[in-house]
Amino acid sequence: AQSVTQPDIHITVSEGASLELRCNYSYGATPYLFWYVQSPGQGLQLLLKYFSGDTLVQGIKGFEAEFKRSQSSFNLRKPSVHWSDAAEYFCAVGAGGGADGLTFGKGTHLIIQP
Amino acid sequence: NAGVMQNPRHLVRRRGQEARLRCSPMKGHSHVYWYRQLPEEGLKFMVYLQKENIIDESGMPKERFSAEFPKEGPSILRIQQVVRGDSAAYFCASSPSGAGLQETQYFGPGTRLLVL
Numbered sequence: 026a027q028s029v030t031q032p033d034i035h036i037t038v039s040e041g042a043s044l045e046l047r048c049n050y051s052y053g054a055t056p057y058l059f060w061y062v063q064s065p066g067q068g069l070q071l072l073l074k075y076f077s078g079d080t081l082v083q084g085i086k087g088f089e090a091e092f093k094r095s096q097s098s099f100n101l102r103k104p105s106v107h108w109s110d111a112a113e114y115f116c117a118v119g120a121g122g123g124a125d126g127l128t129f130g131k132g133t134h135l136i137i138q139p
Numbered sequence: 593n594a595g596v597m598q599n600p601r602h603l604v605r606r607r608g609q610e611a612r613l614r615c616s617p618m619k620g621h622s623h624v625y626w627y628r629q630l631p632e633e634g635l636k637f638m639v640y641l642q643k644e645n646i647i648d649e650s651g652m653p654k655e656r657f658s659a660e661f662p663k664e665g666p667s668i669l670r671i672q673q674v675v676r677g678d679s680a681a682y683f684c685a686s687s688p689s690g691a692g693l694q695e696t697q698y699f700g701p702g703t704r705l706l707v708l
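Protein chains in written order, with this note's numbering: chain L, 26 to 139; chain F, 593 to 708.
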């Protein structure tokens, strides 16, 4: 079965600084990988996804993520964060076939300092 | 195009009562997924349904929980005889045709269940 680890429970970044959120997955084949963002009291919004092809994926709101098979990682990056980026970020993996649903990490809470 | 709708947004039940959570998928979507989010945890997959069919319920607790997605109307997640441990946020997601995970799952705002 697949699993996802987000090693950082909380991350604090100054506004305007760069950001990297870590995600490691465990899965035997090439996984489907996702990053979602959740604002307080809200549902999840998809930031980006990777299925195949170019390992650097561009998403919404200026986010990008890079799939590194050798490290089993799919880290999320943003060159310059804004106060509105403060939220909970979830990495997720899917096994494909559509039937299993997604497996989520526990999330990283991003705090933006002024 | 309205997004995924869930109601109620907040639900309070006493131990032993029944909870019914409803999910209306996005227009044109015929596949629904239910997830549960416990405090300080990520989302856990519960069940995947098509209209009138349960495709995968591997994440559903064996007792007290059931789900349906009738031909007409919303998908329903039903929890019988709720216990305090059922307190969580329950999220519904939908996708157009379930043709693999290449199709994005769109999430609703969730129902926050509190069991007293």
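Glycine included, every Cβ here is placed at the ideal spot set by N, Cα and C.
Inter-residue spacing [alpha-carbon to alpha-carbon] between residue i and residue j
i, j, result
"S43 of chain L", "P104 of chain L", "4 Å"
"R676 of chain F", "V707 of chain F", "5 Å"
"G608 of chain F", "P653 of chain F", "16 Å"
"L69 of chain L", "Y698 of chain F", "8 Å"
"G123 of chain L", "D33 of chain L", "At G123 of chain L the pLDDT is 48, less than 50, meaning the model places this residue with poor confidence; the figure from the coordinates comes in the next sentence. In a straight line, the C-alpha of G123 of chain L is about 29 Å away from that of D33 of chain L."
"S658 of chain F", "E664 of chain F", "18 Å"
"E660 of chain F", "N100 of chain L", "36 Å"
"Q27 of chain L", "Y114 of chain L", "19 Å"
"H621 of chain F", "T37 of chain L", "38 Å"
"F92 of chain L", "E695 of chain F", "19 Å"
"F637 of chain F", "W626 of chain F", "6 Å"
"W60 of chain L", "Q31 of chain L", "11 Å"
"L71 of chain L", "Q642 of chain F", "22 Å"
"R102 of chain L", "L58 of chain L", "15 Å"
"L603 of chain F", "T80 of chain L", "42 Å"
Chain C contact residues for residue i, given Cβ-Cβ distances below 8 Å
i, result
"F99 of chain L", "Within the model displayed, chain C is absent; protein chains L and F are what it includes."
Cβ separation of residue i and residue j, assumed to be a contact under 8 Å, to the nearest whole Å
i, j, result
"S64 of chain L", "A112 of chain L", "5 Å"
"G130 of chain L", "V29 of chain L", "4 Å"
"E45 of chain L", "I137 of chain L", "Their Cβ separation, rounded to whole angstroms, is 14 Å, which puts E45 of chain L and I137 of chain L out of contact at 8 Å."
beta-carbon residue i near the ligand GTP non-hydrogen atom, thresh 8 Å
i, result
"A26 of chain L", "The ligand content of the structure shown is nil, which means the ligand GTP is not present either."
Cutoff 7 Å; reference residue i; Cβ partners in own chain excluding five residues on either side
i, result
"G702 of chain F", "Q598, A681, Y682, F683"
Beta-carbon proximity list for residue i, same chain, < 6 Å, skipping 5 on both sides
i, result
"L613 of chain F", "L669, Y682, T703"
"V82 of chain L", "L73, Y75, A90"
"L127 of chain L", "A117, G119"
"S109 of chain L", "none"
"Q672 of chain F", "E610, R656"
"L630 of chain F", "A680"
Counterpart residues of residue i in DSSP-defined beta bridges
i, result
"L603 of chain F", "F:L705"
"M597 of chain F", "F:S616"
"R94 of chain L", "Its beta-bridge partners do not exist; DSSP assigns none."
"S51 of chain L", "L:S28"
"W108 of chain L", "None; W108 of chain L has no bridge partner."
"F699 of chain F", "F:A685"
"S39 of chain L", "L:Q138"
"R628 of chain F", "F:K636, F:Y682"
"H623 of chain F", "F:Q642, F:S687"
"S667 of chain F", "F:C615"
"S658 of chain F", "F:R670"
"G130 of chain L", "For G130 of chain L, which the question treats as bridged, DSSP gives no partner whatsoever."
8 Å Cβ shell around residue i - same chain, five flanking residues per side excluded
i, result
"T55 of chain L", "S77, R94"
Inset, instruction - Count the CB pairs spanning the segment 85 to 105 of chain L and the segment 594 to 602 of chain F that are closer than 8 Å, and state whether there are at least three. - result: no
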